[in-house]
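Q:
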Amino acid sequence: MEELLAELNESQQEAVVSTEGFIRVIAGAGSGKTRALTHRYALIVNELGVDPSNILSVTFTNKAAHEMRRRVKKLIGGEQDTGFITTYHGFCVRVLREDIHRLFYPKNFIILDVEDQKILLREIFEDMDLKMNDKTFKRLLDKIGILKANTHYVQQMILRGEMPSVEAAGDMDGQIIQRYLKKQKRVYGLDFDDLLNFVFVLFDQYQEVLEKWQDRLFYIQVDEFQDSSLKQFELVKKLSANHGNLFAVGDPDQTIYEWRGADPKYMVDFEKYFPDTQTIFLKQNYRSTPEILSLGNALIQNNYFRVDKDMETSNPSGVKVVHYHGKNEVDEAKWVVNRIKEIVEARQANYSDIAILYRANYLSRSIEQELISANIEYTIFGGFKFFDRLEIKDALAHLRMTAAADDLSFSRIVNVPKRQIGKKRMQFLRERAEAENLSLYETLKKYKDHERFKSTGAHSFIEAIEYLKNRKDELKVSELLQEALQKTGYEAYRREDGDQERLDNLTELLHSIFQYEQTLGEDINLEEYLQMISLYTDNERDDQLDSVKLMTIHTAKGLEFPYVFVVGMTESVLPNVRALRERKERALEEERRLAYVAVTRAERELYLTESEGFQNGGQKKYPSRFIFEVEDDLYERIGELDEALIEEAKEYIRATHHSKEKAPAVFFEKGARVKHPVFGEGEIVDIDEKKNTYRVFFDNLKAPRPISRNFKKLEKLEE
Ligand code: ATP
Ligand code: MG
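Heads up: the sequence shown runs through residues 1 to 719, numbered per the UniProt record's numbering.
1) DSSP beta-bridge partners for His676?
2) Hey, how far is the Cα of His89 from the Cα of Phe281?
3) Give a yes or no on whether the C-beta atoms belonging to Leu140 and Gly189 are separated by under 7 Å.
4) What residues in its chain sit with their C-beta under 7 Å from that of Arg97, if we drop five residues either side in the sequence?
5) Beta carbon of Gly558: closer than 6 Å to some heavy atom of ligand 2?
6) Under the DSSP definition of a beta bridge, which residues are partnered with Ile638?
7) Would DSSP call Asn197 helix, strand or coil?
8) May I ask you to list the residues that DSSP assigns as paired with Glu79?
9) At the level of alpha carbons, what is the spacing between Met426 and Asn415?
10) Does ligand 1 have even one heavy atom less than 6 Å from the beta-carbon of Lys63?
11) Within this structure, are the beta carbons of Leu357 and Ala598 separated by less than 7 Å?
12) Please report the distance separating the alpha-carbon of Asn375 from that of Arg365.
13) Quick one: what's Val599 bridged to in DSSP?
14) Would you kindly report the start and end of the unbroken beta strand (DSSP E) that includes Ala355?
15) Can you give me the Cβ contacts of Leu5 inside the same chain, cut-off strictly under 7 Å, excluding the 5 residues immediately before and after it?
16) Below 6 Å CB to CB, which residues in the same chain sit around Tyr219 once its five sequence neighbours on both sides are set aside?
17) Less than 7 Å between the C-beta atoms of Phe270 and Gly250, yes or no?
18) Rank Glu689, Val685, Lys716 by C-alpha distance to the C-alpha of Ile705 and give the top, closest one.
19) Per DSSP, what kind of secondary structure is Arg219 in: helix, strand or coil?
20) May I ask you to report which of helix, strand or coil DSSP gives Ala665?
21) What are the boundary residues of the beta strand (DSSP E) that Thr151 is part of?
22) Which of the three DSSP states is assigned to Phe410 in this structure?
23) What are the uninterrupted segments assigned as alpha helix (DSSP H) that are 4 or more residues long and contained completely in the stretch 201-278, given in chain order?
24) Express the C-alpha separation of Asp473 and Glu2 in angstroms, rounding to a whole number.
25) Taking the C-alpha atoms as reference points, what is the distance between Ala403 and Gln619?
26) In angstroms, rounded to a whole number, what distance separates the CA positions of Asp542 and Ile340?
27) Label Glu661 either buried or exposed according to how many other C-beta atoms from any shown protein chain fall within 10 Å of its C-beta, with 16 as the threshold for buried.
28) Using three-state DSSP, classify Lys620 as helix, strand or coil.
29) Compute every distance between the C-beta of Ile76 and the non-hydrogen atoms of ligand 3, then say whether any falls below 6 Å.
30) Roughly how many angstroms separate the alpha carbons of Leu714 and Phe628, rounded to a whole number?
31) Less than 7 Å between the C-beta atoms of Tyr351 and Val567, yes or no?
32) If we count the other Cβ atoms within 10 Å of its Cβ and call it buried at 16 or more, is Phe247 buried or exposed?
33) Could you tell me the distance, in whole angstroms, from the CA atom of Arg592 to the CA atom of Ile553?
34) Counting Cβ pairs closer than 8 Å, one from the stretch 223-241 and one from the stretch 257-268, do we hit at least three?
35) Do Ser288 and Gly30 have their C-beta atoms closer together than 7 Å?
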């Protein structure tokens with residue numbers, strides 16, 4: 001007990017020993033929220049004698065879950081199954097794996113990522129003879145996302161037998177979407193939205209399933225609670241409804257997924273949802289130097305929609321935050337790389353102590369080029385992920401074929417290497433499969449001796465797959481993959497192809513599975529491995545390498561690094577162009593929170609960099625307003641930023657800024673007299689917050705009119 005509480009302050013200790021009831025911890029970045037959460041987990045196991053399988057601990061990314069599992073294992077010993085330290089999606093997969101058969105889906109359903117979704121769309125476009133491009137796919141995927149915002153569509157997908165006919169579906173998009181759902185069902189594939197929705201439907205329709213999970217997960221903890229969406233909130237609310245144990249930690253200032261449905265109100269209004277909530281605040285920052293912390297505090301104070309909560313630290317003073325202004329992009333990148341070299345030499349730091357953060361993936365390119373030419377190892381987290389690479393997806397498709405022989409994996413590899421099973425023959429297979437209600441693989445098996453497949457590699461392909469299927473229970477996953485790549489000729493094909501990088505990646509994949517089997521020592525079977533892999537959103541493979549870490553700010557959430565560079569601190573990048581164009585205070589505030597997340601990742605040194613030149617769209621580049629809105633003496637400027645440019649930048653900022661007068665924050669009150677350029681004078685008789693309008697009764701009109709609160713030409717008259 002002592003041990004668990006030793007390295008915690010009083011408030012953290014309070015959080016750790018408060019194991020029962022609804023508890024909320026609100027605190028700024030680096031205040032030890034995640035640490036309190038991990039220690040609380042360990043206390044429940046070690047001191048209350050509760051098995052880890054009875055504790056659900058939700059975090060936001062796979063990387064964070066991985067890290068938390070590692071920390072918890074240190075505290076409770078390595079033997080126990082900590083599988084319920086996971087993401088929302090990871091949890092849903094576990095629920096569905098046990099009970100999805102009730103919705104007439106098999107337990108080895110597959111998980112579709114965006115690439116898989118596009119493959120399905122591509123097939124539909126082919127079937128319908130439509131022209132395709134990436135933009136249309138994206139638009140359709142967005143539409144599908146909207147359809148899946150609620151659970152109605154699930155009924156249709158879990159109906160036994162045929163789905164409703166395509167013709168009924170109206171316009172072209174509607175038809176495509178119908179076909180898409182149908183295909184999804186045929187391959188028993190669930191995308192990320194489906195995972196949550198299916199769980200909701202399952203819980204709604206089968207009370208006993210919900211109760212089982214309520215009983216099983218007697219303690220529930222959520223990290224980064226401020227980024228929970230309505231659905232995610234509903235899920236933990238449901239699960240904790242009986243036992244009433246829910247522990248939520250978060251920082252409303254770090255809400256960065258509002259654009260994707262996150263809503264900090266679940267954190268802020270927690271006690272409205274759960275009366276008797278105990279709230280704990282943490283004030284002490286343990287992560288950063290006072291210099292870094294002051295800059296973070298000063299920055300976030302510019303947000304209007306927030307609860308003020310300044311952080312303090314007793315960490316020793318360090319060096320000033322640096323703002324580097326480069327003459328161009330290359331100059332900026334070169335400076336960053338040189339400073340990295342200096343840090344490594346002068347501070348005896350490792351490359352892995354250094355992180356480079358950016359607002360959008362494309363910003364990494366120039367930095368990458370300089371790192372390459374300086375011969376510095378680096379790893380990109382997120383972005384183009386390891387598991388997204390072609391050869392890795394191919395390799396995994398072989399494993400999926402072995403496990404489930406699903407249509408997607410089949411289509412992916414049946415003709416790689418070439419087996420003369422091209423478009424026409426695939427078309428034939430698809431038609432037969434549809435008519436006979438078979439999978440594509442089953443269809444091929446049935447028709448392998450058919451005339452059409454005479455001079456094809458169908459036989460050898462089937463032989464290889466059958467061989468693998470027969471051995472899948474006796475071989476380890478790594479062995480199975482090795483066999484698969486050899487027996488199907490995939491490896492030979494890649495060798496002939498001569499692309500060393502792809503071969504290295506394949507070796508790396510094998511290596512990673514091998515390591516996983518070795519280090520965790522957990523008996524992992526093929527299905528489990530595949531489900532784990534399909535949930536990867538981060539590149540976790542290079543964690544051990546001594547390399548500089550590159551990632552987006554979103555990916556860096558919850559993490560910390562001794563030395564942090566935030567590059568591309570440019571107007572229209574951070575804040576991004578969408579926030580500026582929308583001219584919405586809220587969008588701009590989300591960008592500021594992002595900047596806050598970025599700067600609060602740094603422990604010892606922080607560098608903010610940007611440069612002159614032009615954006616992709618031709619717009620002249622200016623330093624981000626976030627740099628100007630903190631006092632000059634909070635950072636040291638390196639690089640020449642001339643007065644003229646500063647003036648231009650400020651002018652640009654004024655022009656794109658929603659000034660506080662126009663911001664929704666300073667509305668006129670009910671009862672105020674106002675003047676409208678067309679309707680003349682009148683009185684505000686009501687305010688509709690939801691629609692953001694006043695109801696104004698103009699003296700010359702017979703009924704009140706709704707007028708937007710953002711309408712700039714409405715003036716208030718003096719009393
Ligand atoms: P974020 O909001 O960024 O997720 P957080 O509040 O979760 O931050 P942690 O990551 O838990 O903060 O802690 C920040 C750092 O401070 C970690 O390195 C952690 O080990 C350290 N730390 C936390 N609490 C203490 C403490 N009481 N004494 C010493 N170090 C601590
Ligand atoms: Mg944290």
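All C-beta atoms in this analysis are idealised placements derived from N, C-alpha and C, irrespective of residue type, glycine included.
Every value quoted in this text rests on a predicted model; they were computed, and no experiment measured them.
A: Once the coordinates are examined:
1) Position 676 of the sequence shown holds residue 676. Per DSSP, Gly680.
2) As a first step, residue 89 is located in the sequence shown; it is residue number 89 there, counting from the start. As a first step, residue 281 is located in the sequence shown; it is residue number 281 there, counting from the start. Approximately 29 Å between the Cα atoms of the pair.
3) Looking up residue 140 in the sequence shown gives position 140. Looking up residue 189 in the sequence shown gives position 189. No, the pair does not count as a contact, with Cβ atoms beyond the cut-off.
4) For the purposes of this step, residue 97 is taken as residue 97 along the sequence shown, with counting starting at 1. Cβ within range, chain order: Lys107.
5) Counted from its first residue, the sequence shown places residue 558 at position 558. Gly558: yes, Cβ under 6 Å from ligand 2.
6) In the sequence shown, counting from the first residue as 1, residue 638 sits at position 638. Note: Ile638 sits in a beta bridge opposite Tyr324.
7) If you number the sequence shown from 1, residue 197 lands on position 197. Helix at Asn197.
8) Taking the first residue of the sequence shown as 1, we reach residue 79 at position 79. None; Glu79 has no bridge partner.
9) The residue you call residue 426 lines up with position 426 of the sequence shown. The residue you call residue 415 lines up with position 415 of the sequence shown. Roughly 10 Å between the two C-alpha positions.
10) For the purposes of this step, residue 63 is taken as residue 63 along the sequence shown, with counting starting at 1. Checking the Cβ of Lys63 against ligand 1 gives no.
11) Here residue 357 corresponds to residue number 357 of the sequence shown, with the count starting at 1. Here residue 598 corresponds to residue number 598 of the sequence shown, with the count starting at 1. Against a cut-off of 7 Å, the Cβ pair of Ala598 and Leu357 comes out as a contact.
12) Here residue 375 refers to the residue found at position 375 when the sequence shown is read from its first residue. Here residue 365 refers to the residue found at position 365 when the sequence shown is read from its first residue. Taking the straight line joining both Cα atoms gives about 15 Å.
13) Here residue 599 corresponds to residue number 599 of the sequence shown, with the count starting at 1. According to DSSP, Val599 bridges with nothing at all.
14) If you number the sequence shown from 1, residue 355 lands on position 355. Residues 354-358.
15) Numbered from 1 along the sequence shown, position 5 holds the residue referred to as residue 5. Result list for Leu5: Gln13, Val16, in chain order.
16) Position 219 of the sequence shown, counted from the start, is the residue given in the question as residue 219. Excluding positions up to five away in sequence, the list reads Ile44, Ile55, Asn245.
17) Along the sequence shown, read from residue 1 onward, the residue named residue 270 stands at position 270. Along the sequence shown, read from residue 1 onward, the residue named residue 250 stands at position 250. Not a contact, by the Cβ cut-off of 7 Å.
18) In the sequence shown, the residue the question calls residue 705 occupies position 705. It is worth fixing the name first, because residue 705 is Arg in this sequence and not Ile. Measuring from the Cα of Arg705, the nearest candidate turns out to be Val685.
19) On the sequence shown, residue 219 is found 219 positions in, with the first residue counted as 1. According to the sequence provided, residue 219 is Tyr. The question's Arg does not apply to it. The answer is strand: DSSP assigns Tyr219 an E or B state.
20) Taking the first residue of the sequence shown as position 1, residue 665 is located at position 665. Note that Ala665 has pLDDT 42, beneath the 50 cutoff, so the model's placement of it is unreliable and no number is given.
21) To locate residue 151, count along the sequence shown from 1; it is residue 151. Unbroken run through Thr151: none, as it is neither H nor E.
22) Working through the sequence shown from its first residue, we reach residue 410 at position 410. Of the three classes helix, strand and coil, the one that applies to Phe410 here is helix, per DSSP.
23) 207-216, 230-239, 265-268, 270-273
24) Working through the sequence shown from its first residue, we reach residue 2 at position 2. Working through the sequence shown from its first residue, we reach residue 473 at position 473. Spanning the two alpha carbons is a distance of roughly 45 Å.
25) Residue numbering aside, residue 403 sits at position 403 when the sequence shown is read from its first letter. Residue numbering aside, residue 619 sits at position 619 when the sequence shown is read from its first letter. Rounded to whole angstroms, Ala403 to Gln619 spans 51 Å at the Cα level.
26) Walking along the sequence shown from the start, residue 542 turns up at place 542. Walking along the sequence shown from the start, residue 340 turns up at place 340. The pLDDT assigned to Asp542 is 46, lower than 50, so where the model puts this residue is not dependable; a value taken from the coordinates is nonetheless given after this. About 19 Å.
27) As a working mapping, residue 661 is identified with position 661 in the sequence shown. Its pLDDT being 39, under 50, Glu661 is placed unreliably by the model, and the measurement read from it follows with that caveat. Glu661 is exposed by the Cβ-count criterion.
28) Mapped onto the sequence shown, residue 620 falls at position 620. Reduced to three states, the DSSP call for Lys620 is strand.
29) The model on display carries ligand 1 and ligand 2 but not ligand 3.
30) Counted from its first residue, the sequence shown places residue 714 at position 714. Counted from its first residue, the sequence shown places residue 628 at position 628. If you take the alpha carbons of Leu714 and Phe628, they lie about 31 Å apart.
31) The sequence position of residue 351 within the sequence shown is 351, counting from 1. The sequence position of residue 567 within the sequence shown is 567, counting from 1. The answer is no: Cβ separation not under 7 Å.
32) Start at 1 with the first residue of the sequence shown, and residue 247 comes out as number 247. Result: buried.
33) By 1-based counting over the sequence shown, the position of residue 592 is 592. By 1-based counting over the sequence shown, the position of residue 553 is 553. Between Arg592 and Ile553, the C-alpha separation is close to 12 Å.
34) yes
35) In the sequence shown, residue 288 corresponds to position 288, counting from 1. In the sequence shown, residue 30 corresponds to position 30, counting from 1. Yes, Cβ-Cβ distance for Ser288 and Gly30 is below 7 Å.
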